[in-house]
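Quick note: the sequence shown uses this note's numbering, first residue 6, plus one each step. A short worksheet on the structure shown next.
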Amino acid sequence: MTIYDDIVVGSGASGLTMALLLAMGGRRVLILEKAPLIGGSLSMFSRGRVRFDTGFHFTGGLNEGGILSEMLTLLGMKELVEPVFLTKSVQNRFVFEESGKVFEQPPGIEPAKMKFKADFPSEGQAIDAYFEMIASVCNRTPSMNIQENLIAPPNLEEDYVSLDSVLKKLTGNPLLRGLLSGYAMCYGVRPDEISFANHARMVNNFYESIAFVKDGGDGLIMAFKKRLDFYGVDIRCGVSLLPFSDIKDGMVNSFTLTNGESVSAERAVFTIHPQEILSLIPEKSRSRAFASRISSFESSAGFFSVFAKIRNGAVDPEPDSAIISLFPDNDVNALLSPEYCGKPAVVIIKPPHAAHDACERGVCILEPAFPEKIAQWGDSTVGKRSSAYSDYKEERVEAIRAHIAAQLPAYSDVLEFVDAASTLTYRDYLCSHDGSAYGVKQKIGQFNLIGRLPLHNLYAAGQSALLPGVVGAMMSSLIVGRSIIGKDRYGRLLGGVS
Ligand SMILES: Cc1cc2nc3c(=O)[nH]c(=O)nc-3n(C[C@H](O)[C@H](O)[C@H](O)COP(=O)(O)OP(=O)(O)OC[C@H]3O[C@@H](n4cnc5c(N)ncnc54)[C@H](O)[C@@H]3O)c2cc1C
Numbered sequence: 006m007t008i009y010d011d012i013v014v015g016s017g018a019s020g021l022t023m024a025l026l027l028a029m030g031g032r033r034v035l036i037l038e039k040a041p042l043i044g045g046s047l048s049m050f051s052r053g054r055v056r057f058d059t060g061f062h063f064t065g066g067l068n069e070g071g072i073l074s075e076m077l078t079l080l081g082m083k084e085l086v087e088p089v090f091l092t093k094s095v096q097n098r099f100v101f102e103e104s105g106k107v108f109e110q111p112p113g114i115e116p117a118k119m120k121f122k123a124d125f126p127s128e129g130q131a132i133d134a135y136f137e138m139i140a141s142v143c144n145r146t147p148s149m150n151i152q153e154n155l156i157a158p159p160n161l162e163e164d165y166v167s168l169d170s171v172l173k174k175l176t177g178n179p180l181l182r183g184l185l186s187g188y189a190m191c192y193g194v195r196p197d198e199i200s201f202a203n204h205a206r207m208v209n210n211f212y213e214s215i216a217f218v219k220d221g222g223d224g225l226i227m228a229f230k231k232r233l234d235f236y237g238v239d240i241r242c243g244v245s246l247l248p249f250s251d252i253k254d255g256m257v258n259s260f261t262l263t264n265g266e267s268v269s270a271e272r273a274v275f276t277i278h279p280q281e282i283l284s285l286i287p288e289k290s291r292s293r294a295f296a297s298r299i300s301s302f303e304s305s306a307g308f309f310s311v312f313a314k315i316r317n318g319a320v321d322p323e324p325d326s327a328i329i330s331l332f333p334d335n336d337v338n339a340l341l342s343p344e345y346c347g348k349p350a351v352v353i354i355k356p357p358h359a360a361h362d363a364c365e366r367g368v369c370i371l372e373p374a375f376p377e378k379i380a381q382w383g384d385s386t387v388g389k390r391s392s393a394y395s396d397y398k399e400e401r402v403e404a405i406r407a408h409i410a411a412q413l414p415a416y417s418d419v420l421e422f423v424d425a426a427s428t429l430t431y432r433d434y435l436c437s438h439d440g441s442a443y444g445v446k447q448k449i450g451q452f453n454l455i456g457r458l459p460l461h462n463l464y465a466a467g468q469s470a471l472l473p474g475v476v477g478a479m480m481s482s483l484i485v486g487r488s489i490i491g492k493d494r495y496g497r498l499l500g501g502v503s
């Protein structure tokens, strides 16, 4: 039996970060991944010559001094990951269909602020106050500065007020409120449910800079793989852990894999959905309060996606555009509600040409979708779903086609749809809990599952632990991983990567 210091369960952005940090901290690490390959939501897939992103399209924080750039430096991956920054306003635009207004967002906080003020000349004060509040939250969140003592975000006053209530106090203009809450699509929580503080921690990065990564999620996975190999991290795919049966003195004594093998490790760190973690802990080893807290977590929004390519011989009518968000309603609360019956929002993501490699990168078109809305097919698996489910998919594809034809007619004959995915597709291919895009819905005042669990050699990190997105998932692993390797080791890693 091989003896490890740490088992890391899950190999998405958070599991890979966790495993690498622990290994860099001198620990013997085993990654267990349920899927056949590592990468989780970073994974890409091919249709013909075209590579498509699944759960990683673009990110903030890759600018010099940005949080993702700093995390990659710490992990010794900075040179292995090549960002492709959006440099022009035209590359990122929000279309508000009710009013026909189009807003472009230039990169950089000051330029974005200036542009929004030019677009809303009578709302200068509100826009200044919004950006000041964002900066203030980020400055008071030590975990956003990885050079400092990395600890979980403090509870600020802004953690207890919603984004929606802040925006309603700042401005009576529903269009401006829509624009300032548009990035809720990047965390899948309604503005009246997310705290202003968590909104600020997420979107500050998107105002600073937005970048794609050369080779997309594959690029990140390859970079992680190189570093994990260097540190001799063992990786097992296609296996997971069985519910714990060998528990002594409040700790799991030995870990049994789904293939029957036993593994000895000092601890296990989970980067999977909290409700999946709960299912491994026997009832007698957890309190009812703990179980009910975890069970009460709701899901963030997910996406219905269409994967497309530029038709052979056709010319991209807007080669510069990279992210186009179509909002049929100014009210982002409505657009992110499962009960909403209007036309859904659509986000079209076209990796910039500079990101193209030998192999073409495809266009992804995302429409908010909610796992509960297709719960009737929840028991089915890939390749074995009913014709009613196929009809649902076909209906969504046609609705998206019509939406694009109405708003971006120049793309009608240019985009060739090659495949589509529902939240069930994501659930099954990404081995996720329910197919939501960002794990647990981060609601105001919620006490997330992060760090040490009631069985003391188990820990939780991942997108549901702190903040969603690749940045949030990686941050959660730095916070928890640091508490495992200790401040001194972490400090030495900050001083210079070996
Ligand atoms: C359609 C879509 C678009 C998105 N777009 C973006 C984007 O552009 N930018 C961005 O930053 N974020 C985006 N996200 C969100 C982002 O993908 C996630 O927040 C982030 O990747 C989560 O990382 P993670 O490691 O916490 O989880 P995951 O990537 O989900 O990794 C969890 C891993 O655990 C494995 N696993 C599950 N259960 C078990 C088990 N019992 N045992 C062993 N292994 C297990 C899974 O197979 C998976 O590999 C998007 C998500 C989706 C779905």
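Cβ coordinates follow ideal geometry from the N, Cα and C atoms, glycine included.
According to DSSP, is residue i helix, strand or coil?
i: Arg366; result: strand
i: Gly500; result: helix
i: Val485; result: helix
i: Pro414; result: helix
i: Leu37; result: strand
i: Glu421; result: strand
i: Ser310; result: strand
i: Glu288; result: helix
i: His361; result: Because His361 carries a pLDDT of 48, less than 50, the predicted location of this residue cannot be relied on, and the following value inherits that uncertainty. The answer is coil: DSSP assigns His361 none of H, G, I, E or B.
i: Cys242; result: strand
i: Met256; result: strand
i: Gly456; result: strand
i: Leu262; result: strand
i: Leu463; result: strand
Which residues mark the beginning and the end of the alpha helix (DSSP H) in which residue i is found?
i: Val142; result: Gly129 to Asn144
i: Ala470; result: That residue, Ala470, is in no alpha helix (DSSP H); it is neither H nor E in DSSP.
i: Asn203; result: Phe201 to Glu213
i: Pro106; result: Residue 106 is actually Lys in this sequence, not Pro. No alpha helix (DSSP H) holds Lys106; the beta strand (DSSP E) holding it covers Lys106 to Glu109.
i: Asp433; result: Thr428 to Tyr434
i: Glu281; result: Pro279 to Leu283
i: Ser267; result: Taken as a continuous stretch (DSSP letters only), Ser267 belongs to no alpha helix (DSSP H), being part of the beta strand (DSSP E) at Ser267 to Phe275.
i: Val194; result: Looking at the DSSP string, Val194 is not in any alpha helix (DSSP H), and its letter there is neither H nor E.
Using the Cβ count rule (16 or more neighbours within 10 Å means buried), how would you classify residue i?
i: His461; result: exposed
i: Met119; result: exposed
i: Leu420; result: buried
i: Ala216; result: buried
i: Tyr495; result: buried
i: Gly500; result: exposed
i: Pro196; result: buried
i: Ile353; result: buried
i: Ser46; result: buried
i: Lys289; result: exposed
i: Pro279; result: buried
i: Val450; result: This sequence places Gly at residue 450; Val is not what is there. Exposed is the call here.
i: Gln468; result: buried
Return the CA-CA distance between residue i and residue j, expressed in angstroms with no decimal places.
i: Asp433; j: Gly129; result: 46 Å
i: Tyr397; j: Arg390; result: 11 Å
i: Ala327; j: Asp11; result: 40 Å
i: Glu372; j: Ala228; result: 30 Å
i: Gly183; j: Ile490; result: 43 Å
i: Arg206; j: Asp169; result: 15 Å
i: Lys219; j: Ser300; result: 38 Å
i: Leu225; j: Gly15; result: 16 Å
i: Gly17; j: Arg316; result: 32 Å
i: Ser259; j: Lys122; result: 59 Å
i: Val476; j: Ile484; result: 12 Å
i: Val171; j: Glu115; result: 21 Å
i: Asp133; j: Val100; result: 22 Å
For the candidate residues the options, whose alpha-carbon lies nearest to that of residue i?
i: Glu163; options: Pro473, Tyr135, Gly477 and Gly237; result: Tyr135
i: Arg56; options: Glu377, Asp239 and Glu365; result: Glu365
i: Ser167; options: Met149, Ala410, Ile405 and Ser186; result: Ser186
i: Asn150; options: Gly71, Lys231 and Val402; result: Gly71
i: Gly237; options: Ser19, Gly30, Val14 and Ile455; result: Gly30
i: Ser305; options: Ile114, Ala470 and Gly222; result: Ala470
i: Tyr165; options: Lys83, Gly477, Ala478 and Lys448; result: Lys448
i: Val13; options: Ser269, Cys143, Arg98 and Gly222; result: Ser269
Tell me the residue span of the beta strand (DSSP E) that contains residue i.
i: Phe50; result: Met49 to Arg52
i: Pro88; result: Pro88 to Phe90
i: Arg98; result: Asn97 to Phe101
i: Ser330; result: Ile328 to Phe332
i: Val13; result: Ile8 to Val14
i: Phe217; result: Ala216 to Val218
i: Ile354; result: Val351 to Ile354
Would you say residue i touches ligand 3, meaning its beta carbon is less than 7 Å from a heavy atom?
i: Glu38; result: Absent from the structure shown: ligand 3. Ligands present: ligand 1.
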